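Structure, as structure tokens:
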Ligand SMILES: [Zn+2]
Ligand SMILES: [Zn+2]
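Residue numbers (our numbering): 1459 to 1637.
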């Protein structure tokens, strides 16, 4: 295909390394423009698709970490996951670049194309849609304030099941037990 050299206006092949008239790097310019077009197409193609398991906590809603106390002993502690705010779910977004798990509080900006895919609250999932959820229900949301990290959430309670996020449905142990 013949294009106009952006420098001198000479007709030149879009595959020419340089313009024969003025030596402008045509191939480089064509590649850069194609790259910009691809990026813009990706930004415009972002669509919210629903929910996906939180990749930062593997849908558990909390994260375990080792903690060293004053005596130097190490023990296991946990904190609510600040990415999914304890729900174990974040938002699923699809675009020309594939599927992404996106933290809820930035998903509107992300879907508008205002955030790059290399954002700390965006996790690339690849080209295949995620299959189902690890747990049938999302956990109850525990909002986090901006900048809140590890120790702000659930303190040092140990989770007593594989998923403390979901309260067990127990009709025999209702509140206000009259005894
Ligand atoms: Zn030229
Ligand atoms: Zn999470």
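All residues carry an ideal CB built from backbone N, CA and C; glycine is no exception.
No experiment lies behind these values; they were computed from the predicted model shown.
inquiry  = Since residue 1546 and residue 1519 should fall inside the 8 angstroms C-beta cutoff, what is the C-beta to C-beta distance between them, to a whole number of angstroms?
reply    = Here residue 1546 is taken as the residue at index 88 of the chain shown, counted from 1. Here residue 1519 is taken as the residue at index 61 of the chain shown, counted from 1. Contact between residue 1546 and residue 1519 is confirmed by a C-beta separation of about 4 angstroms, below the 8 angstroms threshold.
Those residues which DSSP pairs with residue 1579 across a bridge = Translated into the one-based positions of the chain shown, residue 1579 becomes position 121. None, per the DSSP bridge assignment.
key: Residues bridged to residue 1585 [DSSP beta-bridge criterion]   = Counted from its first residue, the chain shown places residue 1585 at position 127. For residue 1585, which the question treats as bridged, DSSP gives no partner whatsoever.
ask   = Contact between the segment 1494-1508 and the segment 1516-1533: three or more CB pairs below 8 angstroms?
value = Verdict: no, contact absent.
message = Does residue 1469 pass the burial test, meaning 16 or more other C-beta atoms within 10 Å, or should it be called exposed?
response = Along the chain shown, one-based indexing puts residue 1469 at 11. With fewer than 16 neighbouring CB atoms inside 10 Å of its own CB, residue 1469 falls in the exposed class.
Which listed residue (1463, 1552, 1541) has its alpha carbon closest to that of residue 1478 = One-based indexing of the chain shown puts residue 1478 at position 20. It is 1463 whose Cα lies nearest to the Cα of residue 1478.
inquiry  = Here's the rule: buried if 16 or more other CB atoms are within 10 angstroms of the residue's CB, otherwise exposed. What is residue 1517?
reply    = Sequence index remark: in the chain shown, residue 1517 carries index 59 (1-based). Classification of residue 1517: buried, given that the 10 Å Cβ count is 16 or more.
query = Based on Cα-Cα distance, which residue from 1507, 1505, 1542, 1460 lies nearest to residue 1484?
reply = Position 26 of the chain shown, counted from the first residue, corresponds to residue 1484. When only C-alpha atoms are compared, the closest one is 1460.
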